[in-house]
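Undergrad:
Numbering (the UniProt record's numbering), first residue to last: 1 to 247.
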């Protein structure tokens, strides 16, 4: 990552926001200094400024959570993706057809960011709300998007990466990832076999831009026990949805 024009103050604020987002209303000043490595006096000034700017809010126990500004920023971010409205319109019929939840995401470096979700009408709910993130290598949508990159670029992206194993089935190094991405390129869709969440399986396909490059991905997720009976129909449906959404 290019650090020639790096702004350390922005990086410190970024570290604080990441820590607070992962532990809402559970961290005090001392907790944040321990998690980020920022010294106490700097942290005090940083938290005061971020609270005044409504980046953070502090409760009666002096614990911090994200501030109200992120509600409007999140809304602005999502509204900047016209694909979301089209997805919500088209995904309705996919959910009705398969009876399972359909999601939309985009790739940001080594993570996917969930942009939208159309829930199936059953009691088992996925916790991946719009704006949330997951390691790309652990998800079908992430693999569908990474497959649009060349292998040397994948190696560079994951150089020095500490592989996060969300389940015993999660890919844990670059070579198995590259092998799976080669399969995704051949097949045109990607799979997650309990790699992100135990008990859930998923199939995803890329949404292509006008130049034929992946701009987003869509997926169908379901309980593993439903996979064998629904896999073929889910794969067909998600390929069709991705084709409809592609430019």
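Glycine is no exception: its CB is placed at the ideal position from the N, C-alpha and C atoms.
1) Could you have a look at residue 161 and say whether DSSP puts it in helix, strand or coil?
2) In its own chain, which residues sit with a C-beta less than 6 Å from the C-beta of residue 258, not counting the 5 before and 5 after it?
3) Hey, which unbroken runs of the beta strand (DSSP E) at 3 residues or more fall wholly within the segment 57-85?
4) For residue 167 versus residue 198, is the C-beta spacing smaller than 7 Å?
5) Using a 10 Å radius around the Cβ and a threshold of 16 neighbouring Cβ atoms, would you call residue 6 buried or exposed?
6) At the level of alpha carbons, what is the spacing between residue 144 and residue 222?
7) What is the rounded straight-line gap between the Cα of residue 65 and the Cα of residue 132?
8) State the DSSP-derived secondary structure class of residue 218, mapped to helix, strand or coil.
9) In the DSSP assignment, what residue or residues form a beta bridge with residue 101?
10) Put residue 234 into one of helix, strand or coil per three-state DSSP.
11) Is the distance from the Cβ of residue 74 to the Cβ of residue 55 below 7 Å?
12) Any Cβ of chain D within less than 7 Å of the Cβ of residue 151?
13) What did DSSP end up calling residue 209 once you bin it into helix, strand or coil?
14) Out of 185, 156 and 157, which has the shortest C-alpha to C-alpha gap to residue 148?
15) To the nearest angstrom, how far is the alpha carbon of residue 120 from that of residue 29?
16) Select from 137, 33 and 205 the residue whose C-alpha is nearest the C-alpha of residue 178.
17) Contact defined as beta carbons within less than 8 Å: I believe residue 204 pairs with residue 100. What is the distance between those atoms, to the nearest angstrom?
18) In whole angstroms, give me the CA-to-CA distance for residue 208 and residue 108.
TA: In short:
1) Three-state DSSP puts residue 161 in coil, outside helix and strand.
2) Nothing about residue 258 can be read from this structure; the chain reaches only from 1 to 247.
3) Qualifying beta strand (DSSP E) stretches, in chain order: 64-66.
4) Pairing residue 167 with residue 198 gives a Cβ-Cβ distance under 7 Å.
5) So residue 6 counts as exposed.
6) Rounded to the nearest angstrom, the two C-alpha atoms are 18 Å apart.
7) Distance between the alpha carbons of residue 65 and residue 132: 16 Å.
8) Reduced to three states, the DSSP call for residue 218 is strand.
9) 221, per the DSSP bridge assignment.
10) Here residue 234 sits in helix by DSSP.
11) Contact: no.
12) You won't find chain D in this structure, because it holds only one protein chain.
13) The three-state secondary structure of residue 209, taken from DSSP, is coil.
14) For residue 148, the nearest C-alpha among the options comes from 185.
15) Each residue's alpha carbon lies about 41 Å from the other.
16) Answer by Cα proximity: 137.
17) In this structure residue 204 is not in contact with residue 100, their Cβ atoms being roughly 13 Å apart against a cut-off of 8 Å.
18) Going from the Cα of residue 208 to the Cα of residue 108 covers about 16 Å.
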